[in-house]
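2 protein chains.
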Amino acid sequence: MSQRLTLQKTDVTAVSLLFNALSNEYRVGIVNLLRTGPKNVGEISDALKIEQTMASHNLKCLAFCGLVTSQRLGKTIEYTLNRETVEPILRLADKHISKYAANLRNCKTLER
Amino acid sequence: MSQRLTLQKTDVTAVSLLFNALSNEYRVGIVNLLRTGPKNVGEISDALKIEQTMASHNLKCLAFCGLVTSQRLGKTIEYTLNRETVEPILRLADKHISKYAANLRNCKTLER
DNA sequence: AGTTTATATGACAATTCCGTCATATTAAAC
DNA sequence: GTTTAATATGACGGAATTGTCATATAAACT
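Respectively, the protein sequence lines represent chains A and B.
Heads up, the first sequence is in my numbering, so the first residue is 98 and it goes up one at a time.
Heads up, the second sequence is in my numbering, so the first residue is 98 and it goes up one at a time.
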């Protein structure tokens with residue numbers, strides 16, 4: 098009896114929302130910082146020299162997308178990178194940029 | 098004699114611009130469509146039921162980021178997916194979404 | 001050369017996003 | 001239980017992005 102497979106199709110909306118989370122310098126900065134290990138909000142905003150509120154807003158977005166997780170430690174909340182997906186994605190991005198999109202480095206906004 | 102390696106650091110700006118290209122439904126739709134093979138602009142706008150102008154604008158962005166390449170074939174211009182980077186990235190995204198971000202499917206905009 | 005077909009470009013209004021401020025929540029310390 | 005420290009939330013104006021329209025370019029056909 099032949100088995101009916103649910104063909105896993107790419108969910109275009111979900112994918113665009115996921116990458117939207119990585120389409121902002123603050124969020125990529127946070128994600129990149131968290132590669133060095135878990136940090137709380139204060140440590141993140143200090144390290145990246147951004148306001149606490151800005152860090153919080155962007156962490157919320159990253160958490161909603163499952164790219165980071167959070168855990169309260171007393172008064173502080175520690176954010177941890179979802180390495181399983183973020184590491185390979187960043188490696189692919191780095192490789193792509195150096196091979197195919199070196200010009201991206203010198204452009205602030207994408208003209209269309 | 099010890100060799101001086103240029104440590105490849107993630108370029109936060111470039112990475113955010115690259116993922117910005119994949120942060121839009123039209124562009125992810127185009128990229129996903131091109132997995133089935135190269136297509137010209139008319140075929141793309143027909144298949145996705147979007148206006149030609151919309152297709153052109155978004156193809157320009159994808160091309161600038163090196164995610165697609167183009168080639169004129171007579172009157173028509175054919176766009177080809179950069180499979181080398183897009184395939185693994187989409188596979189990672191699909192896997193991440195089903196494992197960590199199922200809720201993304203049911204949300205139009207990222208609240209923050 | 002003029003017409004048609006395919007695609008790209010530029011501009012503008014409408015929408016969405018971002019940065020910041022004011023305020024709320026939560027836990028620890030006193 | 002009041003205060004302090006850490007973080008989150010909501011709101012609002014300014015900035016960036018998007019969708020569409022008008023127009024430009026480029027090749028093929030007559």
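C-beta atoms are modelled at their ideal positions from N, C-alpha and C, and glycine is treated no differently.
Since the model is a prediction, treat every value here as computed from it, not as a measurement.
Comparing C-alpha distances from Lys196 (chain A) to each of B:Asn179, B:Arg202, B:Leu201 and B:Leu189 shows the shortest one belongs to B:Asn179. In the three-state scheme derived from DSSP, where H, G and I count as helix and E and B as strand, Glu208 (chain B) is classed as coil. Collapsing the DSSP output to three states places Leu170 (chain B) in a strand. Taken through DSSP and simplified to helix, strand or coil, Thr107 (chain A) comes out as coil. Residue pairing of Leu178 (chain B) in beta bridges, as defined by DSSP: B:Val165.
When rounded, the separation of the alpha-carbon atoms in Lys192 (chain B) and Phe161 (chain A) is 16 Å.
In this structure, Lys136 (chain B) sits away from Arg209 (chain A), with a CB-CB distance that is not shorter than 8 Å. For Val109 (chain A), the C-beta contacts it makes with chain B under 8 Å involve Glu122, Val125, Gly126 and Asn129, in order along the chain. The alpha-carbon separation between Gly126 (chain B) and Ala144 (chain A) amounts to approximately 37 Å. Excluding the 5 residues flanking it on each side, Ser167 (chain B) has same chain C-beta neighbours closer than 8 Å at Leu156, Ala160, Ile174, Glu175, Tyr176 and Thr177, in chain order. Put simply, the backbone Cα of Arg188 (chain B) is about 26 Å away from that of Asn200 (chain A). Taking 8 Å as the upper bound for CB-CB distance, Glu122 (chain B) and Thr182 (chain A) are not in contact here, some 21 Å apart. One thing to note: Asn129 (chain A) has its Cβ no nearer than 8 Å to the Cβ of Ser120 (chain B). Distance between Leu114 (chain A) and Glu184 (chain A), taken at the CA atoms: about 19 Å.
Put simply, the backbone Cα of Ile141 (chain B) is about 43 Å away from that of Ser142 (chain A).
The C-alpha of Gly171 (chain A) lies about 23 Å from the C-alpha of Leu164 (chain A). Secondary structure note for Asn129 (chain A): its alpha helix (DSSP H) is the uninterrupted segment Glu122 to Leu131. Using a CB distance cut-off of 8 Å, Leu189 (chain A) counts as an interface residue toward chain B. By the Cβ-count criterion, Arg124 (chain A) is buried, with 16 or more other Cβ atoms from all chains shown falling within 10 Å of its own Cβ. Boundaries of the alpha helix (DSSP H) harbouring Ala144 (chain A): Val138 to Leu145, taken from the DSSP string. In the three-state DSSP reduction, Pro185 (chain A) falls in the helix class (H, G or I). Chain-order list of chain B residues neighbouring Leu201 (chain A): Ala111, Leu114, Leu115 and Cys162, by C-beta distance under 7 Å. Your pair Ile194 (chain B) and Val112 (chain A) checks out as a contact, with CB atoms roughly 7 Å apart and the cut at 8 Å.
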